[in-house]
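*Asks:*
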Amino acid sequence: MECKCTILFDDPFWVGIFERQDEQGYSAARVLFGAEPSDASVYQFILKDYYRLRFSTPQPGAPADNRTVNFKRRQREVRRQMLEQQPTGTRAQNALQAEREALAQAQKAQRSQAENVRQDDRYQMRRERKKQKRRGR
């Protein structure tokens, strides 16, 4: 298992992005720190609160290759990627976005189901009122 923590300033807060690569795949979690965290506070957070992080669902994929690459080759690769118009964002941001979209879909389905139940109840009440009215009550 490989873990990586990146701390960056996302105006107006400092944000920590925790990335995890294991046999299940790649997943990421995001933490708001507020003010600029010191090394000691980040270390304390990792020791005490790492287990509370809500990582995204694991996405299958091979571990990232961390070899050093010649700068000209890297420039060519970047130019080629820019031409392909790949989606913007880091791997962690894409994983978190996929998690948010999945959560939104689940909430939408739940709202739709609740609305259907409410409409069925209203329909049953109307039918019951019509029955009572027809019986003269």
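With our numbering, you'll find the sequence shown wraps up at 1372, consecutive numbering, no jumps.
Ideal Cβ positions, reconstructed from N, Cα and C, are used throughout, including at glycine.
Have a look at the DSSP bridge pairing and note the partners of Tyr1261.
*Replies:* In the sequence shown, counting from the first residue as 1, residue 1261 sits at position 26. Note: Tyr1261 sits in a beta bridge opposite Gln1256 and Gln1294.
*Asks:* Could you give the C-beta distance for Cys1240 and Gly1251, rounded to a whole number, given that I count them as a contact under 8 Å?
*Replies:* Sequence index remark: in the sequence shown, residue 1240 carries index 5 (1-based). Sequence index remark: in the sequence shown, residue 1251 carries index 16 (1-based). With a Cβ gap of about 6 Å, Cys1240 and Gly1251 count as contacting.
*Asks:* State buried or exposed for Phe1248, treating a residue as buried only when at least 16 other CB atoms are found within 10 Å of its CB.
*Replies:* In the sequence shown, residue 1248 corresponds to position 13, counting from 1. Looking at its Cβ environment, which holds fewer than 16 other Cβ atoms inside 10 Å, Phe1248 is exposed.
*Asks:* Please determine, among Arg1357, Ala1270 and Asp1274, the residue with the shortest C-alpha to C-alpha distance to Phe1244.
*Replies:* Here residue 1244 refers to the residue found at position 9 of the sequence shown. For the residues Arg1357, Ala1270 and Asp1274, the minimum Cα distance to Phe1244 belongs to Ala1270.
*Asks:* Around the C-beta of Val1304, are 16 or more other C-beta atoms found within 10 angstroms, so that it is buried, or is it exposed?
*Replies:* For this step, residue 1304 is matched to residue 69 along the sequence shown. By the neighbour-count rule (16 or more Cβ atoms within 10 Å), Val1304 is not buried but exposed.
*Asks:* Residues in the same chain with beta-carbon distance under 6 Å from Arg1369, minus the five sequence neighbours each way, listed in chain order, please.
*Replies:* One-based indexing of the sequence shown puts residue 1369 at position 134. Same-chain partners within the cutoff: there are none.
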